[in-house]
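**Student:** The numbering of the sequence shown is this note's numbering, which starts it at 1 and goes up by one.
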Amino acid sequence: MEITGIISGLIIGIVIGALGRLVIPGRQRIPIWLTILIGVVAALIGTAIAAALGVADTRGIDWIELAIQVALAALGVSLTAGIYGSRNRG
Numbered sequence: 001m002e003i004t005g006i007i008s009g010l011i012i013g014i015v016i017g018a019l020g021r022l023v024i025p026g027r028q029r030i031p032i033w034l035t036i037l038i039g040v041v042a043a044l045i046g047t048a049i050a051a052a053l054g055v056a057d058t059r060g061i062d063w064i065e066l067a068i069q070v071a072l073a074a075l076g077v078s079l080t081a082g083i084y085g086s087r088n089r090g
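(1) State buried or exposed for arginine 21, treating a residue as buried only when at least 16 other CB atoms are found within 10 Å of its CB.
(2) With H, G and I counted as helix, E and B as strand and the rest as coil, what does DSSP make of isoleucine 7?
(3) Can we say the region 71–82 touches the region 33–48, given the rule of at least three CB pairs closer than 8 Å?
(4) Measuring only the C-alpha atoms, how far is alanine 50 from isoleucine 32?
(5) Near valine 40, which residues of its chain fall below 8 Å by C-beta distance, leaving aside the five closest residues on each side in sequence?
(6) Tell me the residue span of the alpha helix (DSSP H) that contains threonine 35.
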């Protein structure tokens, strides 16, 4: 993997992770690095799901793929915030 692929993956992870956090109401007490990691994983899994559904390569912006990725990031942030928050309270 080239350095440009790693950098673009991080940028996509930041955007997808941030969008996932914005979708969830309330405050999530998880570190930014964890949000980025969730975003990267959600982007990869969302792309695989979109490819399996046949909507990964469309003309223009891939809105369905983006929606899948953001939904997965929101789910990941929500689950992680619940686990991370309860672990750090006690």
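The beta-carbon is built from N, C-alpha and C at its ideal position, and this holds for glycine as well.
**Tutor:** So, to answer that:
(1) Within the sequence shown, residue 21 is the residue found at index 21, counting from 1. When all chains shown are included, arginine 21 counts as buried.
(2) Counting from one through the sequence shown, the residue named residue 7 turns up at place 7. In the structure shown, isoleucine 7 sits in a helix (DSSP, three-state: H, G or I).
(3) The way I'd put it, the region 71–82 does touch the region 33–48; three or more beta-carbon pairs between them come closer than 8 Å.
(4) Within the sequence shown, numbered from 1, the residue matching residue 50 stands at position 50. Within the sequence shown, numbered from 1, the residue matching residue 32 stands at position 32. If you take the alpha carbons of alanine 50 and isoleucine 32, they lie about 26 Å apart.
(5) The residue labelled residue 40 in the question sits at position 40 within the sequence shown. Result list for valine 40: Gly9, Leu10, Ile12, Gly13, Ile16, Gly17, in chain order.
(6) For this step, residue 35 is matched to residue 35 along the sequence shown. From DSSP, the alpha helix (DSSP H) with threonine 35 extends over 32–53.
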